[in-house]
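**Student:**
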Amino acid sequence: LEPVLDLIQTLPPYIYLLPAIALLGYGPATALIATFIVAMPPAIRLTSLGIRMTPREFIELGQASGLTPRQMFTKIRLPFAIPSVMAGINQSLMMAFGMVVIAGIVGSGGLGETIYSAVRTLDIATSINAAIAIVILTMVLDRFTQSAARRVKVGAR
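Under our numbering, the first residue of the sequence shown carries the number 15, and numbering increases by one thereafter.
(1) Taking the alpha-carbon of ALA101 as reference, which of LEU46, LEU31 and THR61 has the nearest alpha-carbon?
(2) Look at the alpha carbon of LEU157 and the alpha carbon of LEU151, and state the distance between them as a whole number of angstroms.
(3) How many angstroms separate the CA atom of PRO97 from the CA atom of LEU107?
(4) Given a cut-off of 9 Å on the beta-carbon distance, is the pair PRO33 and GLY123 in contact?
(5) Please name the residue, chosen from PHE87, ALA163 and PRO56, that lies closest to GLU74 on a Cα-to-Cα basis.
(6) How should LEU21 be labelled, buried or exposed, when 16 other C-beta atoms within 10 angstroms of its C-beta is the threshold for buried?
(7) Could you compute how far the alpha carbon of ILE103 sits from the alpha carbon of SER79?
(8) Using 9 Å as the threshold, is the C-beta distance between ALA147 and ALA132 below it?
(9) Tell me the DSSP secondary structure of MET113 in three-state form.
(10) For the ligand NAD, is there any heavy atom lying closer than 8 Å to the beta carbon of SER98?
(11) Between the Cα of PHE50 and the Cα atoms of TYR30, PRO93 and VAL115, which residue gives the shortest distance?
(12) Who are the near neighbours of LEU81 in its chain, counting only those whose CB is closer than 8 Å to its CB and skipping five residues on each side?
(13) Using only the alpha-carbon positions, how far apart do VAL115 and TYR130 sit?
(14) Could you round the C-beta distance between ALA117 and ALA53 to whole angstroms and report it? I think they count as a contact, below 8 Å.
(15) What does a CB cutoff of less than 7 Å around GLY121 pick up in its chain, not counting 5 residues either side in sequence?
(16) When the Cα atoms are used, what is the spatial distance from ALA95 to GLU16?
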């Protein structure tokens, strides 16, 4: 899984539109699939990291207590991983918003398509307005996920 995630994260995001266009043609489904492929690696990586970083003492404590593997995951590993999972969600959202304008090329609709058509017609004001809207939305979601991560971290104590 690690080499696949490395490959996905090193290629430019627009590359994922090509096979999606070949399979699905132009439209929102193509943009959605490409965005999903681009946005998932940070969530997978950080979730995996959070689970692996569970302190050894707590794992041994769970084993000594006779926890089943499922109980070990839900009662010990997952609570320690939640801050990392939340960071992965945050990073995935940022990657998805980075794909918004690129996805506008394939007719995804929304602000990405607005920017793409405004740039094509040299409508600078519209493209700047749409870009500012994307930046504001991204900042709001970033702060929201950071706040949720802090609440989860405090609730886990």
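Ideal placement from N, C-alpha and C gives every residue a C-beta, glycine not left out.
**Tutor:** The short version:
(1) THR61
(2) The displayed chain sequence assigns Arg, not Leu, to residue 157. Using only the alpha carbons, I get a separation of about 10 Å.
(3) 16 Å
(4) no
(5) PHE87
(6) exposed
(7) 32 Å
(8) no
(9) helix
(10) The ligand NAD is absent from the structure shown, which contains no ligands of any kind.
(11) TYR30
(12) LYS89 and ILE90
(13) 7 Å
(14) Actually they are not in contact, since the Cβ atoms of ALA117 and ALA53 sit about 11 Å apart, beyond 8 Å.
(15) TYR40, GLY41 and GLU127
(16) 19 Å
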